Each structure stands twice: as C-alpha cells, then as structure tokens.
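Comments concern the structure below.
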Amino acid sequence: MEILPAIDLKDGQAVRLTKGLMQSAKIYSNEPWEVAKKFEEMGSHWVHLVDLNGAFAGEPKNLEQIEKIRQKCHLKLELGGGIRDEETIRRYVDLGIDRIILGSIALKNPSFVKEMAQKYRIVVGIDAIDGYVAVEGWAEKSTMKATDLAKAFADAGVEAIICTDVGRDGMLSGVNVDFTLSIADASGIATIASGGLKNLDDIVALQETQKVSGVIVGKAFYEGTLDLPKAFDFLAKNVL
C-alpha cells in the first residue's frame, strides 16, 4: 500500500479545506514546492496534487506552482482539478506530471475518460456525498451512486480509482474503510482511500484489508495527528 501525501493548491498557496468548502481554506505554505520537498525527504514516492481553483474554473489555475514542484522535486506526481480535455492532459504530461486524475468528467463523459486511459496514465477520482457522486469541486451531488460509477471503469484501463468521502474530508474523523472497500469491490482495480485520515490506526486498518492500494494523507500531516515518517516506516516493515 502506498501513502500519497497531498498538496492542495489555492491562489498559489498550499492549503487544506474542510469538506471541500473553499471558504474553509487554511493556508499552510506560500511555497508549495517546499512542502513537496519535505515529503520527498520523509521517504514519499508520490505527491497528490489538486488545483482547487482549477476544479471550479474547469481549467489550470496554479500552473506556476505545479511547474515549480516538478522542477524542484524528484517525486512521482499525480494531479487533478478541472482537467476536462485532452489538450490540458497533454500539457500536464509534457510538464512531467506522472498521472492525471479525472473527476467530474468521469461522470459526465465516461467514454472520454476511457479513451484517454488508452493514451495516458489516468486515475479516476470518485468523490461521494452520502454514497452519491459529487461533482464540480464537490459543489453539487449527482444522482449516481459512487459504486455504480466505479463499476463503469472496471475494464477501462485506468490505473486506479481515488475515492473520497467528502463528509469526512479534512475532519480528521477517521477514514471510511467500508466505503473504500465498496469501491474496490465494484471496480476490481487499484483503489486509493481519501478523506478523513487521522492517524496510524487508519493506515493499519486499510492495510489489513489487503484490498486497498493507497491512501491520501492531507490534514493529518499538516495538523500533526500523523507522524508521516513513522507511517512510511510501518508500511515498509508490514508488507502483507
């Protein structure tokens, strides 16, 4: 199982939101690349990047910071937030982003996502409110169940699904293991848990399922409820 520390970008800064609400943004750094470098030094292989402004605008909005992170760090980078067309995907891939997260577009145009998965390293982001898919930067709840959307990408060639329980995101209330497993079972592909992770107990619980391929770590690191180097060490020593 892989730990993917997260950097959410808003107005060029590294922030964390609560339940995806932009007005809840808490700034943690004016130089997001320095945060990425810190993750690299702690032993991370990946960083999970989200362009929050882009998620609402439907186009890249934190390009300068994304470029800086790519230039100054040797980590693998996955990036999401407002990516709606192949031109944007190609732009990010040319920039050196390792894989692209497609969220809202996965619900609105699944055939586009499947087509892109044949050309690029694509991850589908499924964000859910009460089990139903949330779209447009989590501003809206759709009528589709998250598990049904996961099923639609079962044999589509996407690398993974990142599933977020929006109600827990940024709450430090514990990761939703059951929801994560429901997505993994529905899709049959690598599934990454997101939303609510608090401490090492959450990582242990996900690891023990032997069905979860990764977990996004956000506020737990920034607020100090998770010792990240200790978490990396735990996974290195407990490969199931």
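Per the working numbering, the sequence shown starts with residue -19, numbered consecutively.
The beta carbon of each residue, even a glycine, is placed where N, CA and C say it ideally should be.
Bear in mind that the values here come from a model prediction, so they are computed numbers and not experimental data.
| field | Alpha-carbon to alpha-carbon, I141 and I80 | value | In the sequence shown, counting from the first residue as 1, residue 80 sits at position 100. In the sequence shown, counting from the first residue as 1, residue 141 sits at position 161. So the two alpha carbons sit approximately 11 Å from each other.
| said: Buried or exposed, going by whether 16 or more other CB atoms sit within 10 Å of the CB of H25? | reply: The residue labelled residue 25 in the question sits at position 45 within the sequence shown. H25 should be labelled exposed.
| query | Does any CB atom of chain B fall closer than 8 Å to the CB of E120? | reply | Here chain B cannot be found, since the structure has a single protein chain.
| message | Starting from V229, trace the alpha helix (DSSP H) in both directions and tell me its first and last residue. | response | Lying before the first or after the last residue shown, residue 229 is absent from the chain, which here runs from -19 to 220.
| query | Do the stretch 86 to 95 and the stretch 45 to 63 make contact, defined as three or more Cβ pairs closer than 8 Å? | reply | no
| task | Quick one: give me the first and last residue of the beta strand (DSSP E) that I77 is part of. | result | Position 97 of the sequence shown, counting from 1, holds the residue named residue 77. Unbroken run through I77: none, as it is neither H nor E.
| query | Can you tell me the Cα-Cα spacing of L(-3) and M124, whole angstroms? | reply | Within the sequence shown, the letter at position 17 stands for residue -3. Within the sequence shown, the letter at position 144 stands for residue 124. Approximately 24 Å between the Cα atoms of the pair.
| said: Please report the straight-line C-alpha distance between E203 and K94, rounded to a whole angstrom. | reply: Position 223 of the sequence shown, counting from 1, holds the residue named residue 203. Position 114 of the sequence shown, counting from 1, holds the residue named residue 94. Using only the alpha carbons, I get a separation of about 37 Å.
| request: May I ask you to report which of helix, strand or coil DSSP gives K88? | output: Taking the first residue of the sequence shown as position 1, residue 88 is located at position 108. If DSSP states are grouped into helix, strand and coil, K88 belongs with the helices.
| message | If you follow the alpha helix (DSSP H) that Y100 is in, where does it begin and where does it stop? | response | For the purposes of this step, residue 100 is taken as residue 120 along the sequence shown, with counting starting at 1. It is not in any alpha helix (DSSP H) - Y100 carries neither H nor E in the DSSP assignment.
| query | Opposite D31 in the DSSP bridges: which residues? | reply | Taking the first residue of the sequence shown as position 1, residue 31 is located at position 51. L(-11).
| said: The alpha helix (DSSP H) that contains I142, what's its start and end? | reply: As a working mapping, residue 142 is identified with position 162 in the sequence shown. From DSSP, I142 is part of no alpha helix (DSSP H) but of the beta strand (DSSP E) over 140 to 145.
| field | T171 (DSSP reduced to helix, strand or coil) | value | One-based indexing of the sequence shown puts residue 171 at position 191. Strand at T171.
| said: According to DSSP, is L(-16) part of a helix, a strand, or is it coil? | reply: Counted from its first residue, the sequence shown places residue -16 at position 4. Residue state, collapsed to three classes: strand.
| field | W118 in three-state terms, based on DSSP | value | Locating residue 118 in the sequence shown gives position 138, where the first residue counts as 1. Coil.
| request: Return yes when the Cβ of D145 is within less than 8 Å of the Cβ of N156, no when it is not. | output: Counted from its first residue, the sequence shown places residue 156 at position 176. Counted from its first residue, the sequence shown places residue 145 at position 165. Yes, they are a contact pair.
| request: Note the first and the last residue of the continuous alpha helix (DSSP H) segment covering L1. | output: Within the sequence shown, the letter at position 21 stands for residue 1. Looking at the DSSP string, L1 is not in any alpha helix (DSSP H); the run it does join, the beta strand (DSSP E), is 1 to 9.
| task | Tell me, to the nearest whole angstrom, how far the beta carbon of Q45 is from that of L(-16); I am working on the premise that it is less than 8 Å. | result | The count along the sequence shown starts at 1 and reaches residue 45 at position 65. The count along the sequence shown starts at 1 and reaches residue -16 at position 4. Actually they do not touch by this definition, with Cβ atoms about 18 Å apart.
| field | I169 versus T189: straight-line alpha-carbon distance, rounded | value | Against the sequence shown, residue 169 aligns to sequence position 189. Against the sequence shown, residue 189 aligns to sequence position 209. Using only the alpha carbons, I get a separation of about 14 Å.
| field | Terminal residues of the beta strand (DSSP E) in which I49 lies | value | Here the question's residue 49 lines up with position 69 in the sequence shown. Here I49 belongs to no beta strand (DSSP E); instead the alpha helix (DSSP H) covers 43 to 52.
| query | Taking buried to mean at least 16 other C-beta atoms within 10 Å of its own C-beta, is K219 buried or exposed? | reply | Within the sequence shown, numbered from 1, the residue matching residue 219 stands at position 239. According to the sequence as given, residue 219 is Val; it is not Lys. Exposed.
| Which stretch, first to last residue, makes up the alpha helix (DSSP H) that contains L129? | Position 149 of the sequence shown, counting from 1, holds the residue named residue 129. It spans 126 to 132 - the alpha helix (DSSP H) in which L129 sits, taken as one unbroken run.
| Beta-carbon gap between T127 and S162 smaller than 8 Å | Stepping through the sequence shown from its first residue, residue 127 is reached at position 147. Stepping through the sequence shown from its first residue, residue 162 is reached at position 182. Cβ atoms of T127 and S162: closer than 8 Å.
| request: Report buried or exposed for S4, applying the criterion of at least 16 other Cβ atoms within 10 angstroms of its Cβ. | output: Taking the sequence shown and counting its residues from 1, one reaches residue 4 at position 24. S4 is exposed by the Cβ-count criterion.
| said: So, with DSSP's three-state summary, where would you put D213? | reply: Translated into the one-based positions of the sequence shown, residue 213 becomes position 233. Three-state result, D213: helix.
| said: Please report the straight-line C-alpha distance between L57 and G105, rounded to a whole angstrom. | reply: Along the sequence shown, read from residue 1 onward, the residue named residue 57 stands at position 77. Along the sequence shown, read from residue 1 onward, the residue named residue 105 stands at position 125. Cα to Cα, the separation comes out at about 15 Å.
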